[in-house]
Every structure is written in C-alpha cells, then in structure tokens.
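What follows is a single structure, written as structure tokens, with notes after it.
Right, dumping it as structure tokens:
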C-alpha cells in the first residue's frame, strides 16, 4: 500500500521568510499483514516516514517518471490515499495592512480514493 503525504519543503534557511508554496508530496509504501500487530505496523510506518523525510527534496514528478511505465490519466500514478498533517500554528496572519486567513477549499470531485487530514488541534477530517 502506497500513501502520499505532503511535506512543507522549506528545508533551506533562505526560504523561511519567503512567500510561496514549497510543498512536495512523499510517496511512502507500507506492508500491512494480518500477522503484524498494530504497534508493529505503526513502528514500520514511522521508520518509513523518517527515511522519506531524508529524501523530501526529490520531486514527485521525477519519481513518477522513474518508476511508472504507462500512465493512466484518470488516477494518481503512485497512490490513491493521501494523508495530511497540518501543524500550522495559526489559521490567520496579520502583517501591517494585510490580513490572511486559512480557508478550506471547495472541491466538487475527489482527487484520491481516500484523503485524511489531521490538524494539530486534533480535529480529524475524512474526505
């Protein structure tokens, strides 16, 4: 099972004060089996995620080009499940005369079979 997970992509100090989207999506493979306990699987997923973070600057598009032989344009080429952890400290920002608020995008179609978002305030949303 492969799960996609976006990561901030701000790994260089020079991007700290820049506006813009530096997100990359990591593709992480898990091997769930009936013989594994939940804690064993969770430990494996944690190890996989930590290893994936080490390679977070590798563009997803390059990975797709490298491992996918033929593309089906009706679905994501690597994963059908997306897991997002939002750890933003604030949902709004005030800079002089500018006010910025975080808004939930309105979508009419699903991009993944399952999309799960966890906010650090512990609100869980399933799409």
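Residue numbers (the UniProt record's numbering): 1 to 127.
Backbone N, C-alpha and C fix where the C-beta goes; we use that ideal spot for every residue, glycine too.
Among the options, nearest to residue i - alpha-carbon criterion
{"i": "residue 33", "options": "78, 50, 44 and 60", "result": "44"}
{"i": "residue 119", "options": "75, 102, 106 and 110", "result": "102"}
{"i": "residue 117", "options": "74, 49, 36 and 86", "result": "86"}
{"i": "residue 21", "options": "30, 6 and 28", "result": "6"}
{"i": "residue 11", "options": "53, 39, 4 and 41", "result": "53"}
Residue span of the alpha helix (DSSP H) that contains residue i, given as start and end
{"i": "residue 83", "result": "That residue, residue 83, is in no alpha helix (DSSP H); its beta strand (DSSP E) goes 81-86."}
Alpha-carbon to alpha-carbon, residue j and residue i
{"i": "residue 175", "j": "residue 112", "result": "Since the first residue shown for the chain is 1 and the last is 127, residue 175 is missing from the structure and cannot be characterised."}
{"i": "residue 49", "j": "residue 28", "result": "7 Å"}
{"i": "residue 13", "j": "residue 37", "result": "40 Å"}
{"i": "residue 35", "j": "residue 15", "result": "44 Å"}
{"i": "residue 114", "j": "residue 98", "result": "35 Å"}
{"i": "residue 31", "j": "residue 47", "result": "12 Å"}
{"i": "residue 100", "j": "residue 94", "result": "6 Å"}
{"i": "residue 61", "j": "residue 96", "result": "38 Å"}
{"i": "residue 59", "j": "residue 25", "result": "8 Å"}
Anticipated Cβ contact below 8 Å, residue i with residue j, distance rounded
{"i": "residue 2", "j": "residue 82", "result": "Actually they are not in contact, since the Cβ atoms of residue 2 and residue 82 sit about 11 Å apart, beyond 8 Å."}
Which complete alpha helix (DSSP H) runs does the UniProt domain "Condensation" (2-119) hold, if anything under 4 residues is left out?
The UniProt domain "Condensation" (2-119) contains these whole alpha helix (DSSP H) runs: 38-54 and 60-67.
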